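Read top to bottom, the protein sequences are chains V and L. As numbered in this note's numbering, residues 3 to 270 make up the first sequence, in order. As numbered in this note's numbering, residues 66 to 254 make up the second sequence, in order. Note that the Cβ used here is the ideal one computed from N, Cα and C, for glycine as well. Because the structure is a prediction, the values reported are computed rather than measured.
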Amino acid sequence: MSFQESHLTDQQLLQELDGEISEREKKQVQGHLNACWQCRTRQKDIEASISSFVESREQEFASALPPIAGPRALLKARIAQMRTESDKRSHRLSLFRRTIGAAAAVFIALAIGVLFISYARQQNILRQRAPVVSLPNSTITPGATVMMTQQQVCMQTNTKNKAVPFALQRRVFDEYGIKSATPQLYEVDYLVTPALGGADDIRNLWPQSYSAVWNAQVKDELEDRLRQLVCGGSLTLAEAQRDIAGDWIGAYKKYFRTDKPRPVSMAR
Amino acid sequence: MSVRALSVLPAVLTARREDRDKQTELENEVIALFEEFRTPLLRYSLSFGLAIEDAEEVIQEVFLSLFEHLQRDKPRHNLRSWLFRVAHNLGLKRRYRVRRELNTLDATAVENFDTDPAPNPEDQLVSRQIQQRIRTIVQALPEQDRRCISLRAEGLRYREIAEVLDMSLGAVSLSLTRSLARIERVTRR
Numbered sequence: 003m004s005f006q007e008s009h010l011t012d013q014q015l016l017q018e019l020d021g022e023i024s025e026r027e028k029k030q031v032q033g034h035l036n037a038c039w040q041c042r043t044r045q046k047d048i049e050a051s052i053s054s055f056v057e058s059r060e061q062e063f064a065s066a067l068p069p070i071a072g073p074r075a076l077l078k079a080r081i082a083q084m085r086t087e088s089d090k091r092s093h094r095l096s097l098f099r100r101t102i103g104a105a106a107a108v109f110i111a112l113a114i115g116v117l118f119i120s121y122a123r124q125q126n127i128l129r130q131r132a133p134v135v136s137l138p139n140s141t142i143t144p145g146a147t148v149m150m151t152q153q154q155v156c157m158q159t160n161t162k163n164k165a166v167p168f169a170l171q172r173r174v175f176d177e178y179g180i181k182s183a184t185p186q187l188y189e190v191d192y193l194v195t196p197a198l199g200g201a202d203d204i205r206n207l208w209p210q211s212y213s214a215v216w217n218a219q220v221k222d223e224l225e226d227r228l229r230q231l232v233c234g235g236s237l238t239l240a241e242a243q244r245d246i247a248g249d250w251i252g253a254y255k256k257y258f259r260t261d262k263p264r265p266v267s268m269a270r
Numbered sequence: 066m067s068v069r070a071l072s073v074l075p076a077v078l079t080a081r082r083e084d085r086d087k088q089t090e091l092e093n094e095v096i097a098l099f100e101e102f103r104t105p106l107l108r109y110s111l112s113f114g115l116a117i118e119d120a121e122e123v124i125q126e127v128f129l130s131l132f133e134h135l136q137r138d139k140p141r142h143n144l145r146s147w148l149f150r151v152a153h154n155l156g157l158k159r160r161y162r163v164r165r166e167l168n169t170l171d172a173t174a175v176e177n178f179d180t181d182p183a184p185n186p187e188d189q190l191v192s193r194q195i196q197q198r199i200r201t202i203v204q205a206l207p208e209q210d211r212r213c214i215s216l217r218a219e220g221l222r223y224r225e226i227a228e229v230l231d232m233s234l235g236a237v238s239l240s241l242t243r244s245l246a247r248i249e250r251v252t253r254r
């Protein structure tokens, strides 16, 4: 350390006394203090001022402060009062919250009810406007088949219909002039079912009303019956295809010997 | 429905009792802190010119606020700073309200005092005189300096003082140095 190094400031000396000197300065300040009698003396002076201040303060307050007992009792009483008030408030608040909660529940229930009724009404209107289709338009849907022999048809193990892609369903609805809002009222069905060699072709697809008496479920029964007959050898595949593509309701009546669709459980 | 309500009842009662226990615990904590800090806070409030009954009332408000503060599960780190800060703010408000005349000396009188010190014979009477002078000097300090040195005398660290008075650490350090230098001028023989 050079003896020419400048002395510490009063601020540094006080910070050092108070243990508030920054880590960065600490080493340098303490090193200087060890070396410099002047700065140590100056620091003692500062400490003396602190002592004088503390003494004067103690003397000032020694007699002036009233005992703590009175103020403490007062504080306890006030806290107790605050507690009863906050109890009351929280009780009122919970009552208020419950009332609000009940009102909100009633409101939500009403809103849902209103929405449901208006939805149902709208659906009803759509349903009334939507045409009921139980027979295909033979010019739009003549039916189409793939080249398959009876044997090939009967060897198919999975007779479940392939799902019709949404875009194709749209085209079918367009052809039949059904607005896009009502497709949920129809099943886009194969006229000649693939289980009887029907083709995956728009000419073989038509919209069948769910609400019709002669609906897709009834037609499914006919399809099952025809497949049994074809594979049992009592009906040719071509004949079955022609019957179902021509007038499936007539074919149903003919093969089930009935004028009305039979209950589903009976037919199966 | 009524059976269900009955089965819920014990839980509700337990919750209430737990809440009450918690409140009592908080109350005890607040009273313990009151016992520890009432005197330092009172001295601090008095040091910026509040009459003793006003200062006592301020301290009451401080601890009622503390009770609310703890009731709301607010942060409880460094409650000492918190107490002094609230005492500071409420003290200011109270002082503004009562508009009491501040118990400060005329600045020019202090100036004369400062530059022309009386002779200092070495006896106890004189030491008492010195203490009186120190008090006069402290009361004549700029208010922020007076608060700084009062808080330091109550044992607050620079960081806490800075927090209570909303000033920088450097400003706290400078203020204390300045005040002690003034005190030194009175005490130096």
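- Exclusion of the five residues before and after V:Leu112 leaves no residue of its chain whose Cβ lies closer than 8 angstroms to its Cβ.
- Contact annotation: V:Gln210 and V:Asp226 have beta-carbon atoms that are not nearer than 7 angstroms.
- When Cβ-Cβ separations below 7 angstroms define contact, L:Phe132 makes contact with chain V.
- Chain V has a Cβ within less than 7 angstroms of the Cβ of L:Tyr223.
- When DSSP states are grouped into helix, strand and coil, V:Val166 belongs to the coil group.
- The beta-carbon distance between L:Gly156 and L:Ser110, rounded to whole angstroms, is 5 angstroms. This is short enough to meet the 8 angstroms contact definition.
- In the structure shown, the three-state DSSP call for L:Ser233 is coil.
- In chain order, Arg74 and Leu77 make up the part of chain V whose C-beta sits under 7 angstroms from the C-beta of L:Phe99.
- Of L:Glu133, L:Ala152 and L:Ala205, the smallest CA-CA separation from L:Arg103 is found for L:Ala152.
- Burial check for V:Gly252: the Cβ neighbour count within 10 Å stays below 16, so the residue is exposed.
- For V:Trp208, the enclosing beta strand (DSSP E) begins and ends at Leu207 to Ser211.
- Using a Cβ-Cβ cut-off of 7 angstroms, V:Ile110 is close to nothing in chain L; its nearest Cβ partner there is about 21 angstroms away.
- With the criterion set as a beta carbon lying under 8 angstroms from some beta carbon of chain L, the members of the region 34-55 of chain V are Asp47, Ile48, Ala50, Ser51, Ile52, Ser54 and Phe55, in sequence order.
- The shortest CA-to-CA distance from V:Thr195 to any of V:Leu137, V:Leu237 and V:Ala242 is the one to V:Ala242.
- For V:Val190, the enclosing beta strand (DSSP E) starts and ends at Tyr188 to Tyr192.
- The continuous alpha helix (DSSP H) containing V:Met157 extends over residues Gln152 to Met157.
- Taken through DSSP and simplified to helix, strand or coil, V:Thr147 comes out as strand.
- Taking 8 angstroms as the upper bound on Cβ-Cβ separation, chain L lies near residues Gln13, Leu16, Gln17, Asp20 and Glu22 of the region 13-25 of chain V.
- Legend: CB atoms of the region 79-95 of chain V lying less than 7 angstroms from CB atoms of chain L belong to residues Arg80, Ile81, Met84 and Arg85.
- Between V:Ala218 and V:Thr161, the C-beta gap is not smaller than 7 angstroms, which leaves the two residues out of contact.
- Not flagged as an interface residue toward chain L: V:Phe118, since no C-beta distance is shorter than 7 angstroms.
- The DSSP-derived three-state label of V:Gly248 is helix.
- According to DSSP, V:Gly200 shares a beta bridge with V:Thr147.
- In this chain, the alpha helix (DSSP H) harbouring V:Asn36 covers Glu25 to Ala37.
- Think of a sphere of 7 angstroms around the beta carbon of V:Gln61: the chain L residues whose beta carbon falls inside it are Gln196, in chain order.
- Contact annotation: in the region 197-211 of chain V, no residue has its CB less than 8 angstroms from a CB in chain L.
- For chain V, the residues of the region 200-211 of chain L that bring a beta carbon within less than 8 angstroms of one of its beta carbons are Arg200 and Val203, in chain order.
- Neighbours of V:Leu67 in chain L, taken as residues whose beta carbon is under 7 angstroms from its own, are Thr104 and Leu107 in chain order.
- With a beta-carbon spacing of about 7 angstroms, L:Glu225 and L:Asn143 fall inside the 8 angstroms limit used to define contacts.
- The three-state secondary structure of V:Ile142, taken from DSSP, is coil.
- Within chain V, the C-beta atoms nearer than 8 angstroms to that of L:Val95 come from Leu77 and Ile81, in chain order.
- The C-beta of L:Thr79 comes no closer than 7 angstroms to any C-beta of chain V.
- Within chain L, Gln196, Ile199 and Arg200 have C-beta atoms less than 7 angstroms from the C-beta of V:Ser58, given in sequence order.
- Listed along the chain, the chain V residues whose CB falls inside 8 angstroms of the CB of L:Glu249 are Asp47, Ile48, Ala50 and Ser51.
- Residue state for V:Ile180 is assigned as coil, using DSSP reduced to three classes.
- A straight-line Cα-Cα distance of about 12 angstroms links L:Leu98 and V:Leu77.
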